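Residue numbers (this note's numbering), protein chains in the order written: chain A, 41 to 531; chain B, 36 to 458.
We put the beta carbon where it would ideally sit given N, CA and C, even for glycine.
Fair warning: this is a prediction, and the values are worked out from it, not measured in the lab.
Written below as structure tokens is the structure these notes are about.
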Amino acid sequence: MAAVKETVERVKSVDVDAYKYGFSSDIASDKAPKGLNEDIVRFISAKKGEPAWLLEWRLDAYKRWLTMQEPNWAKVDYPAIDYQDLYYYSAPKSTPGPKSLDEIDPEILKMYDKLGIPLREREALLGIEGSGRRVAVDAVLDSVSVATTFKAELAKSGVIFCPISEAVHSHPELVKKYLGSVVPTTDNYFAALNSAVFSDGSFVYIPPGVRCPMELSTYFRINEQNTGQFERTLIIADKGSYVSYLEGCTAPKRDENQLHAAVVELIALDDSEIKYSTVQNWYPGDKDGKGGIFNFVTKRGDCRGARSKISWTQVETGSAITWKYPSCILRGDSSRGEFYSIAISNGRQQVDSGTKMLHLGKNTSSRVISKGIAAGRSDNTYRGRIFAHRKASGARNFTNCDSLLIGDACGAHTVPYIESRNPSAQFEHEATTSKISEDQLFYCMQRGLSGEEATALIVNGFVRDVLQQLPMEFAVEAQKLIAVSLEGSVG
Amino acid sequence: MNPRVAQIKTQAETSLAEFFSARASTGAHEAARQKAVALFAEKGLPHRRVEAWHYTDLRNLMREAWPLAAPAAAKVAANDGLRVDIVDGACAGLPRALPAGLTIRALRDVLAKADAALIAQLFPEAGSHDSVVALNAGLARDGVVVETAAGVKIDTPIELAFTTGQGAPRSDMSRCLVIAGAGSSATIIETHASAARAQRNSALVCWLGEGAGVDHVFETTDASPELHVASLIVDVGARASFQSFGFIAHGDLLRRQCFIRQSGEYAKIGLRGVCLLKGKQHADTTLAIEHAVPQGESRELFKHIIMGEASGVYQGKVLVRPGAQKTDGGMKSQALLLSDDAAMYNKPELEIYADDVVCGHGATIGELDADQVFYLMSRGLPKARAEGVLIEAFAREAIEFVGNETARARFEETLSAWLEARS
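Have a look at this one:
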């Protein structure tokens with residue numbers, strides 16, 4: 041019962057719109073002028089000392105972006121974004137580029153400590169809560185990466201793990217070959233915007249046959265006011281390799297909305313496997329829907345090689361607006377895609393999330409498990425597309441998306457698109473929406489649990505399928521997050 | 036990519052707009068008509084970017100609009116039984132005799148009397164954004180109005196037989212209205228044929244009073260129009276039951292769209308259907324079910340069997356409005372693909388704003404199970420026969436729900452013949 045007790049304590053200790061990571065830190069920063077134009081794109085590129093081809097690529101994306109329209113098909117409703125009223129680049133003044141930890145602004149270190157992210161390897165070596173496992177961290181603050189841990193140790197096994205701005209210089213051939221090969225600049229409005237102004241993010245390359253010796257992780261933090269964060273992550277798993285990558289994100293409580301438009305590209309070559317886990321906990325806004333992050337993210341994995349596997353696991357609890365569809369292109373024969381998601385919305389949050397599984401190769405398989413929980417006055421939508429190409433014989437998909445409604449002012453929606461052009465493809469889809477059954481609640485309460493305890497227990501059972509897929513460090517955190525997100529929604 | 040595109044009117048859209056302006060003022064329902072004209076002028080024909088029409092790009096598929104069928108002669112034939120003929124969109128035959136409590140009138144006669152209440156019931160789609168329904172509201176001149184008095188049970192099915200006269204290609208538009216009084220019950224069978232090449236836009240509007248029961252059947256025939264959009268708009272009152280079955284085996288391009296609203300508590304809605312598609316046929320079944328009040332029940336079951344280069348579309352949306360507690364919704368769509376070039380697009384959808392509900396949907400797409408075929412073959416059936424048995428069983432699961440025995444027998448026969456032709 042320890043977990044339940046902990047959940048309840050958490051629920052009690054925090055107020056209705058409690059957001060643990062809502063503090064802001066006073067870090068001197070260096071910003072580009074407000075607004076977006078070609079000069080800003082050039083400014084960002086120059087700040088990073090980028091080669092000419094990358095600047096061209098950015099400018100091309102910017103020109104395409106100008107011709108595009110913001111998508112409006114998602115079931116989210118938000119005030120128009122003034123793209124000229126944002127800072128597109130903001131970097132802590134003291135660290136123009138990632139340096140050794142001793143040189144980092146102590147204020148930054150303090151902030152990460154407060155977030156529970158150990159940046160000092162000495163501390164990190166102790167592992168997380170005695171699990172004995174180690175995690176290498178790339179810490180991205182606003183527009184730049186401030187520190188990357190365990191780089192030396194990873195390099196021993198040939199793993200490249202560094203900020204993408206650094207990879208452009210140290211491994212230009214890899215970046216040039218793979219950047220934009222999964223999410224082209226013109227893929228969608230936000231991807232085009234990201235391609236034009238992306239500032240930093242992580243770059244990972246796992247050489248053939250290597251099993252990455254530790255979990256890799258990026259921690260994204262937006263600190264500065266009025267800035268947008270546009271990070272770009274590129275992960276390449278070469279033949280026969282394996283990597284598990286974690287991503288976490290938080291932002292201070294602010295009254296205005298902030299934009300986060302990231303692009304994540306995964307490339308899995310023959311026999312490789314990428315496991316990508318996210319715990320998204322951007323500031324969701326207060327209970328009246330004021331403030332919060334607009335999270336418009338394009339995440340896509342390309343199973344380019346035969347027998348490759350990409351697995352997405354996400355726990356979505358934050359953001360005022362979420363627009364996010366981590367997808368898999370199953371190009372290689374016998375490749376496999378997985379998507380496990382828990383999306384929790386409370387207050388006035390709006391979530392439109394799901395996945396796309398595009399079966400192109402033969403005997404490809406995919407599995408989608410999505411659990412949506414809506415509480416308060418929120419809207420929670422699952423939107424997914426399963427597609428079998430004419431040549432994708434033997435494709436197999438199983439989709440299960442369940443929604444749970446807590447309270448009578450929220451909405452839960454399911455919008456699956458299931459498209460098959462191959463007779464031997466087998467697609468199964470099932471979805472249910474319900475509320476926590478009175479019988480189950482009564483059963484738990486009869487055994488001495490309060491209404492809130494009982495709800496937390498049942499919800500944890502509801503999302504168990506997905507929690508099991510998370511790396512251990514995250515599973516614990518995710519469980520706590522679920523309790524906090526649902527706080528105030530019972531009774 | 037979503038580049039900004041300037042909407043250019045297609046030839047079909049231009050012609051349709053001309054049909055609108057060529058039509059003289061219609062008097063009583065002119066206001067509804069003008070609203071529809073404005074909606075169509077703004078939206079044009081639906082295309083890929085209109086979410087509800089994503090898989091049936093009518094703007095692209097309907098290159099030209101054939102001229103509207105000329106108004107039929109005023110003479111109305113007297114039919115045996117409860118058969119109504121609608122030829123070229125006009126009422127051309129009514130039953131000779133009607134049982135007590137049943138009235139059937141030509142729509143043009145009703146419109147001429149300008150009964151405001153009836154006109155309001157004829158155009159319930161105000162606020163809808165479907166431009167094909169708007170097209171129908173703007174251009175349909177005739178059809179039929181069926182009314183059952185409270186408590187009356189009509190045992191004989193009322194048959195609405197749609198067809199065209201012979202001659203040049205044409206388009207025909209009609210609108211029919213069924214008003215089922217409290218506690219009444221009736222069966223409506225809608226059959227579609229055409230003697231000339233035809234583009235049809237038909238709409239059937241039903242109002243079910245408290246405790247009423249309507250059993251509706253939609254049926255294609257081997258002379259179905261090339262292009263047909265059939266809209267069904269239903270309002271289901273308290274404790275009423277609306278059941279509809281669509282049997283689709285013909286027609287090159289068919290879109291059947293059903294907008295069903297549960298407006299009274301404890302109402303039951305059942306929508307089911309079978310689609311047998313081959314060649315280059317394209318059939319789209321789109322349902323929008325709205326539970327506006329508590330205690331509603333809806334069940335959907337659709338089976339698609341697709342061969343050749345045909346494509347099937349199933350979109351089913353269940354909307355549960357805030358406060359519509361205790362809604363019980365269950366939807367199932369299954370498709371069998373029997374050839375390499377067959378395609379199926381499934382989109383079951385839930386939109387739920389009430390917490391105390393049980394709603395679910397299931398969708399499957401696949402081919403025949405090789406093990407099951409093998410099992411039957413090991414018992415001595417030839418392969419084609421073994422497959423036939425399985426396909427038949429698959430389709431019959433839905434056909435079972437057809438209440439009217441004659442119609443059910445007819446569907447089973449068509450199914451057998453279709454399977455026969457397959458091998």
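Buried/exposed call for residue i, threshold 16 Cβ in 10 Å
{"i": "ASP79(A)", "result": "exposed"}
{"i": "PHE409(B)", "result": "exposed"}
{"i": "LEU106(A)", "result": "exposed"}
{"i": "PHE530(B)", "result": "Any question about residue 530(B) goes unanswered here, given that chain B covers just 36 to 458."}
{"i": "SER209(B)", "result": "buried"}
{"i": "GLY358(B)", "result": "exposed"}
{"i": "VAL164(B)", "result": "One detail in the question is off: residue 164(B) reads as His in this sequence, not Val. The residue in question, HIS164(B), is exposed, as its Cβ has fewer than 16 Cβ neighbours within 10 Å."}
{"i": "HIS209(A)", "result": "exposed"}
{"i": "THR267(A)", "result": "buried"}
{"i": "ILE434(B)", "result": "buried"}
{"i": "ALA152(B)", "result": "exposed"}
{"i": "ALA297(A)", "result": "According to the sequence shown, residue 297(A) is Asn rather than Ala. ASN297(A) comes out buried."}
{"i": "ASN112(A)", "result": "exposed"}
{"i": "ARG251(A)", "result": "exposed"}
Neighbouring residues, chain A, relative to residue i (Cβ below 9 Å)
{"i": "GLU384(B)", "result": "HIS453, THR454, VAL455 and PRO456"}
{"i": "GLY331(B)", "result": "Those do not exist, as GLY331(B) stays about 14 Å from chain A at its closest Cβ, beyond 9 Å."}
Where residue i sits in the DSSP three-state scheme
{"i": "THR189(A)", "result": "coil"}
{"i": "LEU117(B)", "result": "coil"}
{"i": "SER229(B)", "result": "coil"}
{"i": "CYS450(A)", "result": "coil"}
{"i": "MET366(B)", "result": "strand"}
{"i": "PRO212(A)", "result": "helix"}
{"i": "PHE436(B)", "result": "coil"}
{"i": "CYS343(A)", "result": "strand"}
{"i": "ARG162(A)", "result": "Here ARG162(A) scores only 45 on pLDDT, less than 50, and its place in the model should not be relied on; the value that follows carries that caveat. Of the three classes helix, strand and coil, the one that applies to ARG162(A) here is helix, per DSSP."}
{"i": "GLY280(A)", "result": "coil"}
{"i": "LYS338(B)", "result": "strand"}
{"i": "CYS252(A)", "result": "coil"}
{"i": "LEU99(A)", "result": "helix"}
{"i": "GLY401(B)", "result": "strand"}
{"i": "PHE63(A)", "result": "coil"}
Chain B contact for residue i (CB, 8 Å cutoff)
{"i": "ALA471(A)", "result": "yes"}
{"i": "GLU206(A)", "result": "no"}
{"i": "SER474(A)", "result": "yes"}
{"i": "GLY447(A)", "result": "yes"}
{"i": "GLU492(A)", "result": "no"}
{"i": "ALA515(A)", "result": "no"}
{"i": "GLN390(A)", "result": "no"}
{"i": "LEU165(A)", "result": "With a pLDDT of 40 at LEU165(A), under the threshold of 50, the modelled position of this residue cannot be trusted; read the value that follows with caution. By this cut-off, LEU165(A) is not an interface position."}
{"i": "SER418(A)", "result": "no"}
CB contact below 8 Å: residue i versus chain A
{"i": "GLU86(B)", "result": "yes"}
{"i": "TYR410(B)", "result": "no"}
{"i": "LEU372(B)", "result": "yes"}
{"i": "ALA378(B)", "result": "yes"}
{"i": "PRO357(B)", "result": "yes"}
Partners in chain B for residue i, counting only beta-carbon separations shorter than 9 Å
{"i": "SER317(A)", "result": "In chain order: nothing, as chain B lies at least about 27 Å away."}
{"i": "GLU468(A)", "result": "GLY397, ALA398, THR399, ILE400 and GLY401"}
Under 8 Å from the C-beta of residue i: neighbouring residues of chain A
{"i": "ASP375(B)", "result": "ARG430, ASN462 and PRO463"}
{"i": "ALA430(B)", "result": "Simply none; closest approach about 17 Å."}
Contacts of residue i in chain B (Cβ-Cβ under 7 Å)
{"i": "TRP113(A)", "result": "GLU86"}
Contact list for residue i against chain A, beta-carbon separation under 7 Å
{"i": "ASN381(B)", "result": "ILE458"}
8 Å Cβ cutoff, residue i in contact with chain C
{"i": "ALA419(B)", "result": "The structure shown has no chain C; the protein chains it does contain are A and B."}
Taking only beta carbons into account, state which residues of the stretch 91-107 of chain A come closer than 7 Å to chain B, listed in chain order.
Taking 7 Å as the cut-off between beta carbons, the residues of the stretch 91-107 of chain A near chain B are THR107, in sequence order.
Scan the stretch 388-405 of chain B for residues whose Cβ lies nearer than 8 Å to a Cβ of chain A and list them as they occur along the chain.
With the criterion set as a beta carbon lying under 8 Å from some beta carbon of chain A, the members of the stretch 388-405 of chain B are TYR388, ALA389, ASP390, ASP391, VAL392, VAL393, CYS394, GLY395, HIS396, GLY397, ALA398, THR399, ILE400, GLY401 and GLU402, in sequence order.
What residues from the stretch 68-83 of chain B come within 8 Å of chain A, judged by C-beta to C-beta, listed N to C?
Listed in chain order, the positions of the stretch 68-83 of chain B with a beta carbon within less than 8 Å of a beta carbon of chain A would be empty, since no residue qualifies.
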